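So the sequence shown is numbered by full-length UniProt numbering: it starts at 1 and just counts up by one.
In this text, a Cβ means the ideal position worked out from N, Cα and C, and glycines have one as well.
Everything numeric in this text was worked out from a predicted model, so none of it was measured.
See below for the structure under consideration.
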Amino acid sequence: MSLQVIGAGLGRTGTKTLQAALVELGFGPCHHMTEVFEHPEQMAFWFRAVQGEAVDWDDIFAHYRASVDWPSAHFYKQLADRYPDAKVILSKRDPERWADSMAETILKVMTQAAAIPREDPNDPRQATLFIVGRDTFGYDYTRANVIAAFERHNAEVVASIAPERLLIFDPAQGWAPLCAFLNVAVPDTEFPRTNSREEFWARIAERDAAAAKAKDD
Numbered sequence: 001m002s003l004q005v006i007g008a009g010l011g012r013t014g015t016k017t018l019q020a021a022l023v024e025l026g027f028g029p030c031h032h033m034t035e036v037f038e039h040p041e042q043m044a045f046w047f048r049a050v051q052g053e054a055v056d057w058d059d060i061f062a063h064y065r066a067s068v069d070w071p072s073a074h075f076y077k078q079l080a081d082r083y084p085d086a087k088v089i090l091s092k093r094d095p096e097r098w099a100d101s102m103a104e105t106i107l108k109v110m111t112q113a114a115a116i117p118r119e120d121p122n123d124p125r126q127a128t129l130f131i132v133g134r135d136t137f138g139y140d141y142t143r144a145n146v147i148a149a150f151e152r153h154n155a156e157v158v159a160s161i162a163p164e165r166l167l168i169f170d171p172a173q174g175w176a177p178l179c180a181f182l183n184v185a186v187p188d189t190e191f192p193r194t195n196s197r198e199e200f201w202a203r204i205a206e207r208d209a210a211a212a213k214a215k216d217d
């Protein structure tokens, strides 16, 4: 098994929805930031990658058919080179609405992660702090900088990936463009919609409760 689909869109562009859609279309398992929290043993790999060390991408993706969201979206160029037959999807969203969503979700997690000692490489929130906070935003979470980073990333994806290999996708478009791009039949089911802000924080609370229980055990 190797990656067939590489999601280059940043978080809060419908990546959790895209993950669910790809799985339904047969491109699962699909990696997402939630996988890092569910499998903290992945942290050592991502720390090496974010520090610029040479890594074998098969160490993470040998059992995945697709990837979306951070941290893998940060490395879309490397993944596109490593898996040359994989197609690339850039999930996009209106920059202002995206910034609103980020401010109410992931950027708040940045504040939490910043309080964790940085010498603790085993806390999965560090993946968020380094890959999202440092490498995407330079620890500058002002609205202007966040939007500029978002637009810069999207422009770099479009400039880096051959047009015939790239789908620029708004999840509001539903199944049709996604299925046409992946050359699969359109399902009879409704297109998934998931990871609202409420669902995001419910998932964070569940994660923190599990971490606290593990520490007590």
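Residue burial classification, residue i (beta-carbon count within 10 angstroms, cutoff 16)
| i | result |
| --- | --- |
| Phe142 | Before going on, a small fix: residue 142 reads as Thr here, not Phe. Classification of Thr142: exposed, given that the 10 Å Cβ count is below 16. |
| Pro71 | buried |
| Thr1 | Here residue 1 turns out to be Met, not Thr, going by the sequence shown. Exposed is the call here. |
| Ser160 | exposed |
| Gly9 | buried |
| Val132 | buried |
| Arg12 | buried |
| Glu104 | exposed |
| Thr15 | buried |
| Val157 | buried |
| Val186 | exposed |
| Asp58 | exposed |
| Arg134 | exposed |
| Ala66 | buried |
Span of the beta strand (DSSP E) around residue i
| i | result |
| --- | --- |
| residue 218 | Shown here, the chain extends from 1 to 217; a query on residue 218 therefore has no answer. |
| Phe169 | Leu166 to Phe169 |
Residue interval of the alpha helix (DSSP H) (run including residue i)
| i | result |
| --- | --- |
| Val184 | Careful: Val184 lies outside any alpha helix (DSSP H) and carries neither H nor E. |
| Gln78 | Tyr76 to Arg82 |
| Leu22 | Thr15 to Glu24 |
| Val157 | Arg143 to Ser160 |
| Phe45 | Met43 to Val50 |
Bridge-paired residues (DSSP) for residue i
| i | result |
| --- | --- |
| His63 | Paired residues: none, contrary to the question. |
| Gly7 | Ile89 |
| His31 | Ser67 |
Integer-rounded CB distance, given that residue j should sit under 8 Å from residue i
| i | j | result |
| --- | --- | --- |
| Ala6 | Tyr83 | According to the sequence as given, residue 6 is Ile; it is not Ala. The pair is a contact, with the Cβ atoms about 7 Å apart (cut-off 8 Å). |
| Ala149 | Phe137 | 5 Å |
| Pro169 | Ser101 | The amino acid at residue 169 is misidentified as Pro; the sequence shows Phe. So it is not a contact: roughly 17 Å between Cβ atoms. |
Does the region 179-196 come close enough to the region 37-46 to have 3 or more Cβ pairs within less than 8 Å? No, the region 179-196 does not touch the region 37-46.
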